[in-house]
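Taking it in order: structure first as structure tokens, then the write-up.
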Amino acid sequence: MQIELPWSPTVNTYWRTARGRTYISAKGKAYREEVIARVQALDLPKPLEGRLTVHIWAYPPDKRRRDLDNLLKALLDALEHAGMYLDDNQIDDLRIERRPMSPPDGRIVVHIGKRA
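Structure representation (structure tokens):
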């Protein structure tokens, strides 16, 4: 199955800490809600069970230098909360590939399937 999503916040902007507590930022919560809405609109059978493969195509919004691994936490967390799978520990094969720039906002295409 394939789903197209907005560009993910990085791990640097996803989490916040205040008064000794770590929490998801407003930007992170907004992203999670957007992913949930897009997944629900697809009306897919969910959650996926068993071992999974997740292949991600990341289309950055601009030419800034970016660490692709910083996108994963918010993205995988949002997909889990959207009910795509029970827990991200089901993922045995995780790949991310930088693709051509996609202005103005970038996008992420996620391919999720059962592990053979």
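The numbering used here applies: residue 16 is where the sequence shown begins, and numbers increase by one.
C-beta: ideal position from N, C-alpha, C; glycine also.
Which term fits residue i, buried or exposed, when burial requires 16 or more other beta carbons within 10 angstroms of its beta carbon?
{"i": "residue 32", "result": "exposed"}
{"i": "residue 35", "result": "exposed"}
{"i": "residue 60", "result": "exposed"}
{"i": "residue 99", "result": "buried"}
{"i": "residue 57", "result": "exposed"}
{"i": "residue 93", "result": "buried"}
{"i": "residue 153", "result": "Nothing can be reported for residue 153, as the shown portion of the chain is limited to 16 through 131."}
Hey, could you find the ends of the alpha helix (DSSP H) residue i is sitting in?
{"i": "residue 46", "result": "41 to 57"}
{"i": "residue 87", "result": "87 to 96"}
{"i": "residue 28", "result": "26 to 29"}
Does the distance from the CB of residue i to the CB of residue j come in under 8 Å?
{"i": "residue 19", "j": "residue 124", "result": "yes"}
{"i": "residue 46", "j": "residue 89", "result": "yes"}
{"i": "residue 30", "j": "residue 40", "result": "yes"}
{"i": "residue 121", "j": "residue 76", "result": "yes"}
{"i": "residue 95", "j": "residue 103", "result": "yes"}
If residue i and residue j are in contact, beta carbons under 8 Å, what's the gap, nearest whole angstrom?
{"i": "residue 127", "j": "residue 63", "result": "7 Å"}
{"i": "residue 28", "j": "residue 86", "result": "The Cβ separation is near 11 Å, so there is no contact."}
Kindly indicate the opening and closing residues of the beta strand (DSSP E) around residue i.
{"i": "residue 73", "result": "67 to 74"}
{"i": "residue 113", "result": "106 to 113"}
{"i": "residue 129", "result": "122 to 129"}
>> Using 8 Å as the cut-off, can you tell me whether the stretch 101 to 114 makes contact with the stretch 69 to 84, which would need three or more C-beta pairs spanning the two stretches below that distance?
In response: In short, these stretches touch, since the Cβ pair count reaches three.
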